[in-house]
Amino acid sequence: MNFNVIIAYSKNERGIGYKGQIPWHIPEDMRFFKKITTTTTDIHRKNAVIMGKNTFQSMLYKPLPNRINICISNSLINSNEWRTPNNTEILLFSSLEEALRFCSLPYNIYEIENVFVIGGEQLYKEALQHEKCNKLYCNEITLETEEPQIYDTFFPEINTDIFKVVQRETISDRVMSIYYERATGAAGTDAVGELDGGAAAFPSIING
Ligand SMILES: NC(=O)c1ccc[n+]([C@@H]2O[C@H](COP(=O)([O-])OP(=O)(O)OC[C@H]3O[C@@H](n4cnc5c(N)ncnc54)[C@H](OP(=O)(O)O)[C@@H]3O)[C@@H](O)[C@H]2O)c1
């Protein structure tokens, strides 16, 4: 199935993180993220969010509410040194491909409507190269501070031969939202149930 990427990066440097955290706290950006990743056309279905291990750790292993949370990690699968709070559920896969295949299962009990890759840098790099990556929700952040901001993680350059800007919207004086769609080549639709072949992997489910 096709999937989407959602990101907030600093306008000039394309920085997305520093020391495991997002380097700003901008409520209107967070509201945008929540709205895009939770909204479904079918009220009985949910969206899935896929994140790398470092991003999940930065959320203190706390899954995002009202979304199917998926983490890509090899190390967490074999570790007992963490838990999600209050029996909340996280699905673990060892690769993005496995996670996408699981989301595509026609008999998937989770009834997933849309899939979003939500970071961080390592996962974005693979996602942007993936032929099923279809839409990019990019918020460009302009920080007010005079201090030069330091980043250690970045959002990759977008290949504008592949992704075209469809819409720009000013959310606030700090946030410019740019929405891209794949110009050609994203085969199929967003519909769940489109298998690409290969055996479906099943997740390690923690809690839930
Ligand atoms: N500004 C934003 O919108 C935004 C959004 C999200 C995150 N961030 C920031 O980004 C930073 C984290 O980025 P990051 O690059 O360090 O980490 P990351 O991508 O979140 O996680 C990296 C880890 O996830 C697993 N992983 C990621 N991609 C994989 C792949 N393609 N295949 C297999 N495993 C994969 C690996 O875990 P194992 O080693 O366990 O296998 C890898 O070590 C943090 O500062 C965070 O706050 C910013």
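So the sequence shown is residues 4 to 211, counted in this note's numbering.
C-beta atoms are modelled at their ideal positions from N, C-alpha and C, and glycine is treated no differently.
Here D32 is buried. Its C-beta has 16 or more other C-beta atoms within 10 Å.
Bridge partners of V169 according to DSSP: none are assigned. For R17, the CB contacts under 7 Å within the same chain, skipping 5 residues up- and downstream, are F157 and F158 in chain order.
The shortest C-alpha to C-alpha distance from P26 to any of D155, V118, R171 and I209 is the one to D155. Under the DSSP assignment, N50 falls in the beta strand (DSSP E) whose first and last residues are K49 to G55. Distance from the Cα of H133 is smallest, within the candidate group E143, L95, I80 and I161, for I161. Look at T156: its beta carbon is less than 7 Å from one of the heavy atoms in ligand 1.
Remark: the shortest separation between the CB of L126 and any heavy atom of ligand 1 falls under 7 Å. DSSP, read as helix, strand or coil, puts S180 in strand.
In this structure, the straight-line span from the alpha carbon of G55 to that of N77 is close to 10 Å. Secondary structure note for E100: its alpha helix (DSSP H) is the uninterrupted segment L99 to S107.
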